[in-house]
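J.:
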Amino acid sequence: MNAIIEVSGVSKSYGGVKANSDISMQVQKGGITGLIGPNGSGKTTLFNSIVGYHPIDKGSIKFEGSEISKLQVPAIARLGLLRTFQQTRIYGAMNCVENMLISMPHRKMTFWDAFSRNDAEQIERAEGLLDFVGLYEKRYLRGGSLSFGQQKLLEFAMALMNEPTVLLLDEPTAGINPTLINGLIDRLKRANSEFGITLFVIEHNMRVIMNMADHIYCLAHGEMLASGGPEDIQNDQTVIDAYLGAH
Amino acid sequence: MDQILGNIDLLIQFPIVNLKIIIDGVMIGALFALAAYGLALVWGVMNVKNLAQGDFVIAGGYVAWWMTQKGIHPLLGVPAAFIIMWGIGWIIYKLVISRVIERDLFTSLLATFGLAIMMAQILNLMFGSDTQSIDLGYETLHFADGLIDIPISKLIGVCMALSLAAGVIIFMKRSRMGQAIRATAQDARAARVLGIDTEKVYAFTFSLNSAICGAAGAIIVMAWVIQPFYGITYSIRAFVIVTAAGLGNLPGVIAAGLGIGAAEQYGSHIFGIGYQQAIAVLLLLLVLVVRLLIQRRKRQVLQ
Amino acid sequence: MTRLMPVIHIVLLALVIAAPFLLPDYRSSLSALWILIIVALTWDLTGGQMGYNSLGNIFFYGTGMYVAAVITIGMAYNVGEYTDAAGGGIFAFTPTQYFMGFGFGLIGAGLFCAACAFIIGSVTFSLRGPYFAIGTLGVAIAAGELVSNWEWVGGGQGISMPNYPGEQERLFTYFSFATVGVVLYIFLRWLYTTRFAAAMNAIRDDEEKAEAMGIHTLRYKLVAWAIAAFFVGIVGAIEAFQALHFEPLETAYQTINLGIFMVVCVLLGGKGTLWGPIIGAIMFHVFKEITWNYFLGWQWVALGALIVVTVVYFQDGLMGWLMSKKPEWFGIRVESRDTPTAEAAE
Numbered sequence: 001m002n003a004i005i006e007v008s009g010v011s012k013s014y015g016g017v018k019a020n021s022d023i024s025m026q027v028q029k030g031g032i033t034g035l036i037g038p039n040g041s042g043k044t045t046l047f048n049s050i051v052g053y054h055p056i057d058k059g060s061i062k063f064e065g066s067e068i069s070k071l072q073v074p075a076i077a078r079l080g081l082l083r084t085f086q087q088t089r090i091y092g093a094m095n096c097v098e099n100m101l102i103s104m105p106h107r108k109m110t111f112w113d114a115f116s117r118n119d120a121e122q123i124e125r126a127e128g129l130l131d132f133v134g135l136y137e138k139r140y141l142r143g144g145s146l147s148f149g150q151q152k153l154l155e156f157a158m159a160l161m162n163e164p165t166v167l168l169l170d171e172p173t174a175g176i177n178p179t180l181i182n183g184l185i186d187r188l189k190r191a192n193s194e195f196g197i198t199l200f201v202i203e204h205n206m207r208v209i210m211n212m213a214d215h216i217y218c219l220a221h222g223e224m225l226a227s228g229g230p231e232d233i234q235n236d237q238t239v240i241d242a243y244l245g246a247h
Numbered sequence: 248m249d250q251i252l253g254n255i256d257l258l259i260q261f262p263i264v265n266l267k268i269i270i271d272g273v274m275i276g277a278l279f280a281l282a283a284y285g286l287a288l289v290w291g292v293m294n295v296k297n298l299a300q301g302d303f304v305i306a307g308g309y310v311a312w313w314m315t316q317k318g319i320h321p322l323l324g325v326p327a328a329f330i331i332m333w334g335i336g337w338i339i340y341k342l343v344i345s346r347v348i349e350r351d352l353f354t355s356l357l358a359t360f361g362l363a364i365m366m367a368q369i370l371n372l373m374f375g376s377d378t379q380s381i382d383l384g385y386e387t388l389h390f391a392d393g394l395i396d397i398p399i400s401k402l403i404g405v406c407m408a409l410s411l412a413a414g415v416i417i418f419m420k421r422s423r424m425g426q427a428i429r430a431t432a433q434d435a436r437a438a439r440v441l442g443i444d445t446e447k448v449y450a451f452t453f454s455l456n457s458a459i460c461g462a463a464g465a466i467i468v469m470a471w472v473i474q475p476f477y478g479i480t481y482s483i484r485a486f487v488i489v490t491a492a493g494l495g496n497l498p499g500v501i502a503a504g505l506g507i508g509a510a511e512q513y514g515s516h517i518f519g520i521g522y523q524q525a526i527a528v529l530l531l532l533l534v535l536v537v538r539l540l541i542q543r544r545k546r547q548v549l550q
Numbered sequence: 551m552t553r554l555m556p557v558i559h560i561v562l563l564a565l566v567i568a569a570p571f572l573l574p575d576y577r578s579s580l581s582a583l584w585i586l587i588i589v590a591l592t593w594d595l596t597g598g599q600m601g602y603n604s605l606g607n608i609f610f611y612g613t614g615m616y617v618a619a620v621i622t623i624g625m626a627y628n629v630g631e632y633t634d635a636a637g638g639g640i641f642a643f644t645p646t647q648y649f650m651g652f653g654f655g656l657i658g659a660g661l662f663c664a665a666c667a668f669i670i671g672s673v674t675f676s677l678r679g680p681y682f683a684i685g686t687l688g689v690a691i692a693a694g695e696l697v698s699n700w701e702w703v704g705g706g707q708g709i710s711m712p713n714y715p716g717e718q719e720r721l722f723t724y725f726s727f728a729t730v731g732v733v734l735y736i737f738l739r740w741l742y743t744t745r746f747a748a749a750m751n752a753i754r755d756d757e758e759k760a761e762a763m764g765i766h767t768l769r770y771k772l773v774a775w776a777i778a779a780f781f782v783g784i785v786g787a788i789e790a791f792q793a794l795h796f797e798p799l800e801t802a803y804q805t806i807n808l809g810i811f812m813v814v815c816v817l818l819g820g821k822g823t824l825w826g827p828i829i830g831a832i833m834f835h836v837f838k839e840i841t842w843n844y845f846l847g848w849q850w851v852a853l854g855a856l857i858v859v860t861v862v863y864f865q866d867g868l869m870g871w872l873m874s875k876k877p878e879w880f881g882i883r884v885e886s887r888d889t890p891t892a893e894a895a896e
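First to last, the sequence lines map onto chains B, P and D. All residue numbers for the first sequence refer to the working numbering, where the first residue is 1 and numbers rise by one. All residue numbers for the second sequence refer to the working numbering, where the first residue is 248 and numbers rise by one. All residue numbers for the third sequence refer to the working numbering, where the first residue is 551 and numbers rise by one.
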């Protein structure tokens, strides 16, 4: 196991408010890494720094050994670092299969590949993945007519279609019906084990992350509070205090 | 090319010429800033990008010009243009603008572009395509051995522009309507929840913008010239100023307005009068590229 | 429906070929219609399919005209001397020179405009929404103003083209436009079935998501605009030969005429469909011909009013209206939400 994302000494402030100060962390290749922290602890800021949404003040972010903290969003995405959105984003006017076909890994295509049609093999793969997330029955429905939870599943299937190296998930269970959460956790784990996709999950919900991640980082007030396996974090007094203090 | 170098050489040899160019530029720039202020107001409050801005200016100019033809004193043309263009602005708001506010931005841009074509053509049919101007009959002041000449009519025009701007600013700060407009600009939904009739605010803002442009046009026709198809250039200048200064940045709008006025005068001095329109447009592209580079450093795009 | 398609296309092609012979008095009007159809189809490529609403596509039209003129004249004479003498009868062109100029002029105009689209696009495609529209409008206006000060190509006076060496000039022009139009139609029909089109639609619907999924957004935007520029440039070049004389502001870089008409055609017919721009162009052309004949002097006001009314009240166009009334015609399936879901079955 080696680090695929390396964040070292990253600081980011918004007009005097330090959202992240001197954060260092690593995402291990092939594993599931979690990032937790109470509201306002700087999780989303760190996430946005990694995917290239804003410049960082200090520090370095490396992906597979090369610096990405100066790149623009599209360039980072084309390295194989894929993100999902907290407010799920799918193509509402297209049906599920079309949504899947759009998510084909364009970064692996040559220029001329873009001018060919999708063949039966790819459609089959798209339908297979829709089946994997349980949307096979709805595959010809417009994305926009699905419920929020189904849209979230569709976005997840689109991410798998994209064959990313690392998948960054921004609160995958936010706004999902609690009865569906277990199914989603299960699928995320299978995506990791069956498709070999490295996962980096930001979560607010402690139970979810404890069930899933093999390494967890905890942020509070923009600083790294603790890190370790689920057991360590669960028993870490500072983490418990931070969560209780925040509520 | 030689001519361009000669013109630059002239500026270095006779620094006083620079002063003349800057004075000329700042005087017309004050009127650009006025139109740009109106654009920023409408843009900020109802998110409508008005490409007919310049045609409101020209229409105001024709109102004043027409009244002088009927024997009314030219200086009365400014308040008259203000009032008449207020009414025209209100009608246009009710017929067109009120239906594009909630739509995507391209809709408002295209609708006002159509409006601009219509207004220019109507003015052309009514008043002909010749350039027009009002001769106030005032003298011209000469300074520095006749190198700098300032017509009194231009001075009066600038003073009227300044007092109009001051009036509008005080109105926006002090009056209840002004407060309602600023509240709506910040958050229309919150304003509605707090009991502000945003529909009324929108209508008022658009009419006010039209009136400001009309008055600016009436001033322009006294000291400069107008023509039915000059509108688009004034619109582009207003866009340059607002894009450079940003919304809700009054000192920025004034500075950018005076700046573009001076830059155009310099440009037409150096490259020749034929390039005046091209310079206005090239400044727009320049401002867009500069803002783009700034955004790129922030890892964002300009939207 | 699908089985009927080849038949429909053969009938349409026959109509296209027969039209100038059936309506010999309307040949130049039909040519004008082809111009509208082609520029509307290419505008829709970026505007309708990709969501980048350009107000400056007329730049390629004007540039195409000038490139064709410079190539045709330049192959036979010195362009500067030619424009100094204001074209005219002194400089004669043999039929070979004319047709060589026509061939190379068209290809040159297309390629040059495509290259321009790449260069300008690499800057303007970082602008989103209204800034893109205003930026491209700025490019078109600036180009017109600069060319009208460029004496080498005739400045504000414009430039003259050689006369057609033969009798059937109108037919020649008509079939030149029609060929480009048919080729463009076939090309777009194919293009809209590829992954490229899906990527363009993704950019239109949610560019941020498309970027996040690693789609080469800038590359696809540039290619789409270059394709549009290529065809518009060729149309401009043909028009240059038809016009015989043209000047920069009113004919070549006619921002407020054709530059905005193409957008209105697309809106009238329906954005983001293959047939929308074509139908819209026909509707617009008919409206334009009627106003030109019956609204003496007020035709421009009527056109401005048409733009405003279309944009404000009828923005989805004919195809958009049909699509909302009869979604099943377009293969869109709408199911009620209360069918049991796979999710609930777990």
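No residue lacks a Cβ here, since even glycine has one placed at the ideal position from N, Cα and C.
Using the C-alpha atoms, what's the distance from Leu738(D) back to Asn162(B)?
T.: Taking the first residue of the first sequence as position 1, residue 162(B) is located at position 162. Taking the first residue of the third sequence as position 1, residue 738(D) is located at position 188. Cα to Cα, the separation comes out at about 27 Å.
J.: Among residues of its own chain, excluding the 5 on either side of Gly9(B), which ones have a beta-carbon nearer than 8 Å to its beta-carbon?
T.: Here residue 9(B) refers to the residue found at position 9 when the first sequence is read from its first residue. Same-chain partners within the cutoff: Asp22, Ile23, Ser24, Lys58, Gly59, Ser60.
J.: Cβ of Gly612(D) less than 9 Å from any chain A Cβ?
T.: The structure shown contains no chain A; its protein chains are B, P and D.
J.: Tell me whether Met224(B) sits in a helix, a strand or coil according to DSSP, three-state version.
T.: Position 224 of the first sequence, counted from the start, is the residue given in the question as residue 224(B). Three-state result, Met224(B): strand.
J.: Touching or not, the region 644-657 of chain D and the region 310-317 of chain P, by the rule of three or more beta carbon pairs under 8 Å?
T.: In short, these stretches do not touch, since the Cβ pair count stays below three.
J.: Ala895(D): buried (16+ other C-beta within 10 angstroms of its C-beta) or exposed?
T.: The residue you call residue 895(D) lines up with position 345 of the third sequence. Residue confidence is low: Ala895(D) scores 36 on pLDDT, short of 50, so the model does not pin down where it sits. No coordinate-derived value is stated.
J.: At the level of alpha carbons, what is the spacing between Phe712(D) and Ile806(D)?
T.: Numbered from its first residue, the third sequence carries residue 712(D) at position 162. Numbered from its first residue, the third sequence carries residue 806(D) at position 256. Here residue 712(D) is Pro; the residue named in the question, Phe, does not match the sequence. If you take the alpha carbons of Pro712(D) and Ile806(D), they lie about 27 Å apart.
J.: Under 9 Å, CB to CB, which of the residues in the region 351-376 of chain P have a partner in chain D?
T.: Answer set for the region 351-376 of chain P: Asp351, Leu352, Phe353, Thr354, Ser355, Leu356, Leu357, Ala358, Thr359, Phe360, Gly361, Leu362, Ala363, Ile364, Met365, Met366, Ala367, Gln368, Ile369, Asn371, Leu372.
J.: Which word fits Ser66(B), buried or exposed, when buried means at least 16 other C-beta atoms lie within 10 angstroms of its C-beta?
T.: For the purposes of this step, residue 66(B) is taken as the residue at position 66 of the first sequence. So Ser66(B) ends up on the exposed side.
J.: Helix, strand or coil, according to DSSP, for Asp119(B) in the structure here?
T.: Counting from 1 along the first sequence, the entry for residue 119(B) is found at position 119. In the structure shown, Asp119(B) sits in coil (DSSP, three-state: anything other than H, G, I, E or B).
J.: Since Asn20(B) sits in a beta bridge, which residues does DSSP pair it with?
T.: The residue you call residue 20(B) lines up with position 20 of the first sequence. Note: Asn20(B) sits in a beta bridge opposite Lys12(B).
J.: Can you tell me whether Leu563(D) is buried or exposed, with buried defined as 16 or more other CB within 10 angstroms of its CB?
T.: As a working note, residue 563(D) is residue 13 in the third sequence. Classification for Leu563(D): exposed.
J.: Closer than 6 Å by C-beta to Leu586(D): which residues in its own chain qualify, once you throw out the five before and the five after it? Chain order, please.
T.: Numbered from its first residue, the third sequence carries residue 586(D) at position 36. Hits under 6 Å: Cys815, Ala831, His835.
J.: Applying a beta-carbon distance threshold of less than 9 Å, which residues of chain B neighbour Thr767(D)?
T.: The residue given as residue 767(D) occupies position 217 in the third sequence. In chain order: Pro74.
J.: Exposed or buried, Gly393(P), counting other C-beta atoms within 10 Å across all chains shown (16 or more means buried)?
T.: Translated into the one-based positions of the second sequence, residue 393(P) becomes position 146. So Gly393(P) counts as exposed.
J.: Can you give the Cα-Cα distance for Ile305(P) and Thr359(P), rounded to whole angstroms?
T.: Taking the first residue of the second sequence as 1, we reach residue 305(P) at position 58. Taking the first residue of the second sequence as 1, we reach residue 359(P) at position 112. Cα-Cα distance, rounded: 15 Å.
J.: May I have the straight-line CA-CA distance separating Gly822(D) from Asp594(D), to the nearest angstrom?
T.: The sequence position of residue 822(D) within the third sequence is 272, counting from 1. The sequence position of residue 594(D) within the third sequence is 44, counting from 1. Computed Cα separation, rounded: 6 Å.
J.: Below 8 Å, can you find three or more Cβ-Cβ pairs linking the region 508-522 of chain P to the region 543-550 of chain P?
T.: No: the two stretches stay apart, fewer than three of their Cβ pairs being nearer than 8 Å.
J.: Apart from the five residues on each side of it in sequence, which residues of its chain come closer than 6 Å, Cβ to Cβ, to Thr490(P)?
T.: Numbered from 1 along the second sequence, position 243 holds the residue referred to as residue 490(P). Val534.
J.: How long is the line joining the alpha carbons of Phe85(B) and Pro827(D), rounded to whole angstroms?
T.: Walking along the first sequence from the start, residue 85(B) turns up at place 85. Walking along the third sequence from the start, residue 827(D) turns up at place 277. Roughly 35 Å separates the two Cα atoms.
J.: Kindly indicate which three-state DSSP category Leu540(P) falls into: helix, strand or coil?
T.: Along the second sequence, read from residue 1 onward, the residue named residue 540(P) stands at position 293. Correct three-state label for Leu540(P): helix.
J.: Any Cβ of chain B within less than 9 Å of the Cβ of Gly764(D)?
T.: Taking the first residue of the third sequence as 1, we reach residue 764(D) at position 214. Closer than 9 Å: yes.
J.: Can you round the beta-carbon distance between Tyr449(P) and Ile338(P) to whole angstroms, since I take them to be within the 8 Å contact cut?
T.: For the purposes of this step, residue 449(P) is taken as the residue at position 202 of the second sequence. For the purposes of this step, residue 338(P) is taken as the residue at position 91 of the second sequence. At roughly 14 Å, the Cβ-Cβ gap does not stay under 8 Å, so Tyr449(P) and Ile338(P) are not in contact.
J.: Taking DSSP as the reference, what is the three-state secondary structure of Pro55(B)?
T.: Position 55 of the first sequence, counted from the start, is the residue given in the question as residue 55(B). Residue state, collapsed to three classes: coil.
J.: What first and last residue would you give for the alpha helix (DSSP H) that runs through His106(B)?
T.: Here residue 106(B) refers to the residue found at position 106 when the first sequence is read from its first residue. That residue, His106(B), is in no alpha helix (DSSP H); it is neither H nor E in DSSP.
J.: Counting C-beta neighbours from all protein chains within 10 Å, is the total for Thr238(B) 16 or more, i.e. buried, or is it exposed?
T.: For the purposes of this step, residue 238(B) is taken as residue 238 along the first sequence, with counting starting at 1. Classification of Thr238(B): exposed, given that the 10 Å Cβ count is below 16.
J.: Looking only at its chain, what residues have a beta carbon closer than 7 Å to the beta carbon of Ile255(P), apart from the 5 residues adjacent to it on each side?
T.: The residue given as residue 255(P) occupies position 8 in the second sequence. Only Ile517 meet the Cβ criterion.
J.: Taking its Cβ as the centre, do 16 or more other Cβ atoms sit within 10 Å of Cys666(D), making it buried, or is it exposed?
T.: Sequence index remark: in the third sequence, residue 666(D) carries index 116 (1-based). By the neighbour-count rule (16 or more Cβ atoms within 10 Å), Cys666(D) is buried.
J.: For the structure I just gave you, are there three or more beta carbon pairs, one from the region 138-154 of chain B and one from the region 109-120 of chain B, closer than 8 Å?
T.: Segments in contact, no.
J.: Identify whether Phe476(P) lies in helix, strand or coil by the three-state DSSP scheme.
T.: The residue labelled residue 476(P) in the question sits at position 229 within the second sequence. Phe476(P): helix per DSSP, three-state reduction.
J.: Please classify Ala568(D): is it buried, with 16 or more other beta-carbons within 10 angstroms of its beta-carbon, or exposed?
T.: Walking along the third sequence from the start, residue 568(D) turns up at place 18. Per the 10 Å Cβ criterion, exposed.
J.: To the nearest angstrom, how far is the alpha carbon of Gly622(D) from that of Pro321(P)?
T.: Taking the third sequence and counting its residues from 1, one reaches residue 622(D) at position 72. Taking the second sequence and counting its residues from 1, one reaches residue 321(P) at position 74. For clarity, residue 622(D) is Thr in the given sequence; the question names Gly instead. Distance between the alpha carbons of Thr622(D) and Pro321(P): 55 Å.
J.: Give me the DSSP bridge partner(s) of Cys218(B).
T.: Mapped onto the first sequence, residue 218(B) falls at position 218. Looking at the DSSP assignment, Cys218(B) forms a beta bridge with Ile36(B), Ala226(B).
J.: Using a Cβ-Cβ cutoff of less than 8 Å, which residues in the same chain neighbour Gln542(P) once the five nearest sequence positions on both sides are dropped?
T.: Position 295 of the second sequence, counting from 1, holds the residue named residue 542(P). Excluding residues within five positions, the ones whose Cβ falls inside 8 Å are Val548, Leu549.
J.: If I'm right that Ile459(P) touches Tyr284(P) with Cβ under 8 Å, what's the distance once you round it to whole angstroms?
T.: As a working mapping, residue 459(P) is identified with position 212 in the second sequence. As a working mapping, residue 284(P) is identified with position 37 in the second sequence. Yes, Ile459(P) and Tyr284(P) are in contact; Cβ-Cβ is about 7 Å, under 8 Å.
J.: Does Met25(B) come out as helix, strand or coil in the three-state DSSP assignment?
T.: What you label residue 25(B) is simply residue 25 of the first sequence in a count that begins at 1. DSSP places Met25(B) in strand when its eight states are reduced to three.
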